[in-house]
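Encoded as structure tokens, the structure appears first; notes follow it.
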């Protein structure tokens with residue numbers, strides 16, 4: 149099967165990560181893939197999107213994203229896509245994609261018998277600017293909340309969870325040289341404050357260091373037990389090397405009213421390092437037997453950290469839950485579901 153995908157690519161965001169994980173699996177199964185990605189100058193205007201690797205030879209950069217200040221503009225260089233052949237087209241749709249040109253492209257390729265599906269990354273229906281989701285042959289969403297969000301927008305909606313990187317366990321003994329906490333990324337400083345405040349109250353109880361890798365600028369915290377480094381981590385393998393030299397992963401996330409999932413959790417959970425995160429909408433659809441520890445407020449966070457440090461049975465339980473979650477949602481299985489969808493769905497006729 150020849151698969152075209154419109155998506156961010158080789159970038160530090162959940163859209164890119166999703167596409168990269170399923171593309172790798174598509175190729176393992178013998179499919180050809182073409183990536184249609186945004187021009188780098190356009191994509192770099194968004195704070196959460198930075199290019200971290202050189203493009204592969206199957207990547208064609210061919211569109212400008214919407215302007216982040218005005219949410220206007222944006223376009224596709226159609227000639228860069230028209231010359232390519234593919235059986236199916238998958239659109240990783242997100243807030244800054246040039247919706248009008250995507251819709252125009254979808255209608256054009258469907259006339260040639262190409263099946264088209266989308267993966268919804270937007271967190272609210274109001275952000276999406278398609279005339280209707282019924283122009284697509286299927287609409288993939290990560291969980292039931294998205295189906296509720298998209299009610300009335302049309303479309304053949306299917307739930308396909310966000311994929312996880314496979315389990316890759318390290319060999320570190322917990323706390324072998326003192327407790328090592330670890331965070332990475334580019335989240336705003338305010339999303340780290342809970343962690344710093346909670347750890348301040350534990351300094352006399354445990355020997356630890358909090359290692360933070362920042363891709364864009366160091367945080368202003370000055371505690372002597374915080375070690376910061378500015379580095380753009382280019383691969384999940386590099387992330388796992390850091391995780392496997394740590395004991396507890398502190399995952400910063402801000403509160404939002406939108407429908408969201410945590411791509412960072414899906415990226416990191418296969419390391420089987422205990423993860424502690426705020427109880428936000430990113431994690432509300434996790435199973436009852438949680439693969440992570442969620443907290444509400446600094447005092448609760450401090451108690452949860454102590455429990456993870458001092459309760460080996462709890463760490464084993466979290467590890468078991470994490471392993472189960474990854475096995476149920478690993479990228480290999482998710483990619484197969486997309487391939488099955490492409491074979492199963494019929495092309496939806498377009499309204500005249």
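Numbering (the numbering used here), first residue to last: 149 to 500. Ideal placement from N, C-alpha and C gives every residue a C-beta, glycine not left out. In this text, all values refer to a predicted model and were calculated from it rather than measured experimentally.
Does DSSP put residue 253 in a helix, a strand or coil?
-> If DSSP states are grouped into helix, strand and coil, residue 253 belongs with the helices.
Does the Cβ of residue 379 have 16 or more other Cβ atoms within 10 Å, making it buried, or fewer, making it exposed?
-> Around the C-beta of residue 379, fewer than 16 other C-beta atoms lie within 10 Å, and the residue is accordingly described as exposed.
Thinking C-alpha only, which one of 346, 268, 184 is nearest residue 223?
-> Closest option to residue 223, Cα to Cα, is 184.
Give me the Cβ distance between residue 394 and residue 360, rounded to the nearest whole Å; I'm assuming they're in contact under 8 angstroms.
-> A Cβ-Cβ distance of about 11 angstroms is found for the pair residue 394 and residue 360, leaving them out of contact under the 8 angstroms criterion.
Which stretch, first to last residue, makes up the beta strand (DSSP E) that contains residue 295?
-> Careful: residue 295 lies outside any beta strand (DSSP E), inside the alpha helix (DSSP H) at 292-297.
Below 7 angstroms CB to CB, which residues in the same chain sit around residue 498 once its five sequence neighbours on both sides are set aside?
-> Closer than 7 angstroms at the Cβ level, and outside the excluded window around residue 498, lie 255, 258, 283.
From residue 442 to residue 466, what does the alpha carbon distance come to, in whole angstroms?
-> Computed Cα separation, rounded: 11 angstroms.
Using 8 angstroms as the Cβ pair cut-off and three pairs as the minimum, do the stretch 372-388 and the stretch 480-490 touch?
-> Counting C-beta pairs with one atom in each stretch, the stretch 372-388 and the stretch 480-490 have fewer than three that are closer than 8 angstroms, which means they do not touch.
Please name the residue in 435, 174, 242, 405 whose C-alpha comes closest to that of residue 473.
-> For the residues 435, 174, 242, 405, the minimum Cα distance to residue 473 belongs to 435.
Beta-carbon proximity check, residue 108 vs residue 397, cutoff 8 angstroms | Any question about residue 108 goes unanswered here, given that the chain covers just 149 to 500.
With a threshold of 16 other CB atoms inside 10 Å of the CB of residue 158, please say whether the residue is buried or exposed.
-> Buried is the call here.
If you compare alpha carbons, which of 187, 427, 403 is closest to residue 202?
-> Comparing Cα-Cα distances from residue 202 to each of 187, 427, 403, the minimum goes to 187.
Leaving out the 5 sequence neighbours to the left and right, which residues in its chain are closer than 8 angstroms to residue 236 when beta-carbon positions are compared?
-> If we look at residue 236 and ignore the five residues flanking it on each side, its Cβ neighbours are 149, 150, 151, 152, 262, 263, 264, 265, 490.
Ordered along the chain, which non-local residues of its own chain (more than five positions away) have a Cβ less than 7 angstroms from that of residue 401?
-> Closer than 7 angstroms at the Cβ level, and outside the excluded window around residue 401, lie 339, 410, 425, 426, 428, 430.
Name, in chain order, the residues that DSSP records as bridge partners for residue 423.
-> Within the DSSP bridge table, the entry for residue 423 names 397 as partners.
Would you list, in sequence order, the uninterrupted beta strand (DSSP E) runs of no fewer than 3 residues that lie entirely inside the stretch 219-253?
-> 236-241, all fully within the stretch 219-253.
Closest by CA to residue 399, which one among 416, 295, 260?
-> Residue 399 has its Cα closest to that of 416, out of 416, 295, 260.
Selection from 404, 478, 458, 248 that minimises the alpha carbon distance to residue 432 = If we check each option's Cα against that of residue 432, 404 comes out closest.
Can you tell me whether DSSP reads residue 382 as helix, strand or coil?
-> Of the three classes helix, strand and coil, the one that applies to residue 382 here is coil, per DSSP.
Round the Cβ separation of residue 243 and residue 267 to the nearest angstrom and send it over; I've been treating them as touching at under 8 angstroms.
-> The pair is not a contact, with the Cβ atoms about 13 angstroms apart (cut-off 8 angstroms).
Exposed or buried, which one is residue 366 when buried takes at least 16 other CB atoms within 10 Å?
-> By the 10 Å Cβ count, residue 366 comes out exposed.
Go through its chain and collect everything with a Cβ distance to residue 156's Cβ below 8 angstroms, but skip five positions before and after it.
-> Residues 163, 164, 167, 185, 186, 191, 197, 240, 242 of the same chain have their beta carbon placed closer than 8 angstroms to that of residue 156, with the five preceding and five following residues left out of the count.
Using 10 angstroms around the beta-carbon of residue 419, count the other beta-carbons present and answer buried if the total reaches 16, otherwise exposed.
-> That one is buried.
Please report the residue range of the beta strand (DSSP E) in which residue 473 lies.
-> Premise fails: residue 473 lies in the alpha helix (DSSP H), 460-477, not in any beta strand (DSSP E).
Among all the DSSP beta bridges, which residues are the ones paired with residue 117?
-> It is not possible to answer for residue 117, since the shown part of the chain is limited to 149 through 500.
What is the DSSP secondary structure of residue 485, reduced to helix, strand or coil?
-> In the structure shown, residue 485 sits in a helix (DSSP, three-state: H, G or I).
Using 7 angstroms as the cut-off, classify the Cβ of residue 497 as near or not near the heavy atoms of the ligand NAP, replying yes or no.
-> With respect to the ligand NAP, the structure offers nothing, as it holds no ligand at all.
Extent of the continuous beta strand (DSSP E) to which residue 102 belongs = Since the first residue shown for the chain is 149 and the last is 500, residue 102 is missing from the structure and cannot be characterised.
Straight-line CA distance for residue 355 to residue 234?
-> Looking at the two C-alpha atoms, the distance is approximately 56 angstroms.
Out of 337, 326, 294, point me to the one whose CA is closest to residue 373's CA.
-> Ranking the options by Cα distance to residue 373, first place goes to 326.
Identify every residue that forms a DSSP beta bridge with residue 324.
-> Residue 324 pairs with 326.
What separation, rounded to the nearest whole angstrom, lies between the Cα atoms of residue 298 and residue 351?
-> In a straight line, the C-alpha of residue 298 is about 47 angstroms away from that of residue 351.
Burial state of residue 178 (16 or more Cβ within 10 Å) = That one is exposed.
Leaving out five residues before and five after residue 390 in sequence, what residues of the same chain have Cβ atoms less than 7 angstroms from its Cβ?
-> Excluding sequence neighbours, residue 390 sits near 330, 332, 361.
Have a look at 181, 245, 247 and flag the residue whose alpha-carbon is nearest the alpha-carbon of residue 204.
-> Sorting 181, 245, 247 by C-alpha distance to the C-alpha of residue 204 places 181 at the top.
Give the DSSP bridge partners of residue 331, in chain order.
-> Residue pairing of residue 331 in beta bridges, as defined by DSSP: 360.
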